[in-house]
Every structure is written in C-alpha cells, then in structure tokens.
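Input: a single structure, listed below in structure tokens.
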Amino acid sequence: MKKTKKITLVTSVIILAATILYSCAKPIREFYTFDKYIGPSLTNEPKLDYNPTLPVVVIVADNNGTEIFDLLAPFYLLRETYSANVYILAQEFQPIVLRKGLFLLPHSTYDQFDLLNVDPDIIVIPNLSAMDKSELNGDIIGWIKKNYQPETRILSVCDGALTAAATGIYDQHPITTHASDLDFLRKQFAEPEWVRGKSYTKSLNLYSTAGVSNAVEGSLKVIKDFFGEEAQLELINHINYPQQIITDEHKGEAITFGQKLKILKKSMFSSKEQIGVILHEGISEFNLAATLDVYYRSFPHEIKSFSSKNMAVTTKHGLRIYPTGNIAQIENYELYALEDSLGFYDQSVKVLKPKQRYIFDYLLDEIGEKHGEAYVPVVKALLDYD
C-alpha cells in the first residue's frame, strides 16, 4: 500500500511539473503557432487596377503563411515610389496569414494576374510557409519560373531564399538569408553560392537579403537600380534610415546558445504578457509590420491585432487587413497603437511615436525599457539587425 501511495505521489508530482512546464513554455509554442482566418469566405475578386504605363512589381505570397515584414516592407517602399503597379498575389483570393498577428487580403490570385498577359518587371519572394525543402509549394515555384525572364529583377527576402533557391534561378549566383538559417538552407540547396555577412547580394538582376530587417536594404537597392538614386534617397529620408547610403555591410551573426537560454528564461519565469496592436484606417504598412515583428520576437505569451468591431481596415496604400484578435477580449491585452485617439477602447494604450527615428531603433529601445537592455541583443539577432 505504501509503495502504491509513493508511486501515486511521484506520478502526481511529475504530471504537475509537466503541466507547469507546458504552461510556462507557451511563449515558445506561440512563436511557432499561427492564427487561422475564420472569417467569411470572399468570392468577389475585383479586377486588378493596372496602369499600363507603369512597371509591374509582384510580391508572391502564400495564403497559409508569409512573414509579415518580409512582405510589407518591400510593398511599402515600392509603393512609396508612386512609380509602379505593385501587387501582392496568393493562391486564393482569401486573407493571407501574416506571421505574426495579421491577416491580409491579396490584390489577386496568380491565375487572375496571368490573365493580364504582362511580364513582371520585379518579383519579390518573402519567407513563405515552408520551413524546409519538403514543404515547398510547387505551384508558387512554378509561377516564378514561368514569369522569370533574364531582364526580370528578383528580390529574395530573408528565408524567401528557400523558395528562390528551389526555382534554380539562383544556381551559381550569390544568395543570402537570415544568419541563423543560412547553414540549414545551404544543406537544402547546394547549387546557389551562399553568402554570409552581407545585408544584401546582387548578381545580374538577382538580389537577396539577410534576415527580416534587411528587407529594407534589399528593397532600397532594387529601387536605386530600377527607379534611380533620387527615389532611393527620398525613401531613406522618409523612413529615417540611420544612414544616407545603403551598403551591404552586415555582421551576419546567428543567434547564440546564450541568447536561446535568455529566451527560455523569459518564457519560463516572466509574466504572461499578452500584446495587442490596434489597427486603424490609413495605418502605415511599414511601421505596423515592424511593430508586430519586433514584439513577436520578444516572445510574449500572445500577440494579436485588434480593430473596431473586428472589422477589416484599409492601410495607407490600400491593403485590406484583418485583425487576429477579438475585440471582446481586448481588456486582457497590453495595448499598443501607432496613432492617438482611436477611441474604441476604454483601457490605457501606449502610443508608439518613433517621430524622427528609424522604426527598428525606436522599437528596440522600447524592448530594452520593457525587458532590460540585456534582452535587446536577443531580439536584434532574431531580426538579423545590426
């Protein structure tokens, strides 16, 4: 009997410990868990707004998942030139799961775009839902290959290098990716010339960027080459980029074991913070994507976006975006906004005001104030930001 009680006690302790461990590790699980769009199905795909006098930029996306800054930073910067048709395409005319914290309606589908019978001048490949070679989307790869010509400029962003490498277009050409993923991707595809320590690469009309934050440098390089130096300089000033010249200099340092331990420690022992970012009409795609990405990479318990009445909102450059959070649960979240006086909530909201600062520098200072300066290098490593 005593032996049975002892076994029961030990078993109970193990179960309790496992339950606590599982609960405390939620921020790590949350990092690899993505929201699913459960709103109404959309059936009326509008005709693309196409200006035949302007070049065509296509940003490929995957409805099942696309990295948020990889997609929205190039979109914003290219749209801010006001000199191109810029389209986000996906397999279906349904909201794209942006990783993390947002749903985005594409402009059109790949099939519908093909009906225009136009060749893209620039194709941007962000990090899509595939995590390794076995998960790649053959239809998207096929579409890129079909629409590629030697004069087409291709920009691979961060781990979009996995999809770019799978096309074969980068074989024997330099390509880079997130510093923490480069060795893994090299093992998947040996044919490209994998480069570490560069913010971006260029070979002929093939461009690529290092991780996440380097979408800015890569996009600005393409803009300079395609639209001219004046267009690039205007954007450098517009986003308060910390330098007047875009260079490919980059440390390219992968996240360290010690930094992974800091993530584990924060996940296990810090308070269960739930981050909410408020959406509003005319919101900057660039600042929104940076905000969600930076706070996501700080490993909160949860991160969601919210809008008035859970409705879609229209961004500065006309994108329809949908919240991942339900307004009925907003009181459980620590709220952030990019604009004052939004007015549909009662609790306190921190308004993020980068003013004349580069958005990443501003947000990383916010992370330092919130979690301590020792945690900032962790988030920087996850952003691949120098």
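Adding 364 to a residue's 1-based position in the sequence shown gives its number in this note's numbering. Even glycine gets a Cβ: it sits at the ideal position worked out from N, Cα and C. Here the structure is a predicted model, which is why all the values come from computation and not from measurement.
- Judged by DSSP secondary structure, ALA454 falls outside any alpha helix (DSSP H) and instead within the beta strand (DSSP E) spanning 449 to 454.
- Distance check between LYS400 and each of PRO490, PHE670, PHE467, PRO416 places PHE467 closest, using alpha-carbon atoms only.
- The secondary-structure analysis by DSSP pairs ALA701 across a beta bridge with VAL715.
- Fully enclosed alpha helix (DSSP H) runs of no fewer than 4 residues occupy 579 to 591, 593 to 602 of the segment 550 to 616, in order along the chain.
- When the alpha-carbon of LEU599 is set against those of GLU409, LYS615, TYR722, LYS744, the nearest one is in TYR722.
- One thing to note: LEU652 has its Cβ within 9 Å of the Cβ of THR679.
- Bounds of the beta strand (DSSP E) holding ARG463 are 460 to 463.
- Between the segment 490 to 506 and the segment 526 to 536, the count of Cβ pairs shorter than 8 Å is three or higher; the stretches touch.
- Counting along the chain, the unbroken beta strand (DSSP E) around GLY640 starts and ends at 638 to 642.
- The Cβ atoms of LEU479 and THR430 lie no closer than 9 Å to each other.
- Only buried fits GLU666, as 16 or more other CB atoms lie within 10 angstroms of its CB.
- Look at GLU730 here: in three-state DSSP terms it is helix.
- Proximity of the segment 508 to 519 to the segment 473 to 490 meets the contact definition, three or more beta-carbon pairs being nearer than 8 Å.
- In the DSSP assignment, VAL743 falls within the alpha helix (DSSP H) that extends over 740 to 747.
- PRO410 and THR473 have their C-alpha atoms some 11 Å from each other.
- DSSP links PRO538 through a beta bridge to GLU557.
- Here THR678 is bridged, per DSSP, to ARG684.
- The beta carbon of GLU456 sits closer than 7 Å to the beta carbons of ASN427, THR473 from its chain, once the five residues preceding and following it are set aside; these are given in chain order.
- For ASP748, the number of other beta carbons within 10 angstroms of its own is at least 16, and it is reported as buried.
- Burial state of ASP413 is exposed, judged by a 10 Å Cβ sphere holding fewer than 16 other Cβ atoms.
- Remark: C-beta atoms of VAL580 and ALA701 do not approach each other more closely than 9 Å.
- Around the beta carbon of THR573, 16 or more other beta carbons lie within 10 angstroms, which makes this residue buried.
- By the Cβ rule, the segment 440 to 450 counts as touching the segment 581 to 598, because three or more pairs are nearer than 8 Å.
- In its chain, beyond the 5 residues on either side, LEU442, ALA448, VAL450, ILE486 have a beta carbon closer than 6 Å to the beta carbon of VAL421.
- Put simply, the segment 611 to 620 does not touch the segment 714 to 730. Fewer than three CB pairs are less than 8 Å apart.
- The three-state reading of DSSP puts SER472 in strand, counting E and B together.
- Taking each of TYR660, GLN596, MET675, ILE685 in turn and checking the Cα distance to GLN608, the smallest one comes out for GLN596.
- C-alpha of LEU500 to C-alpha of TYR564: approximately 23 Å in a straight line.
- Straight through space, the alpha carbons of ILE539 and SER567 are spaced by roughly 9 Å.
- In the DSSP assignment, ILE518 falls outside any alpha helix (DSSP H) and within the unbroken beta strand (DSSP E) covering 517 to 520.
- The secondary-structure analysis by DSSP pairs VAL424 across a beta bridge with LEU453.
- Pairing TYR697 with ILE639 gives a Cβ-Cβ distance under 9 Å.
- Residue pairing by DSSP places SER669 opposite VAL641 in a beta bridge.
- The C-alpha of ALA618 is placed about 19 Å away from the C-alpha of GLU737.
- In the three-state DSSP reduction, LEU412 falls in the coil class, being neither helix nor strand.
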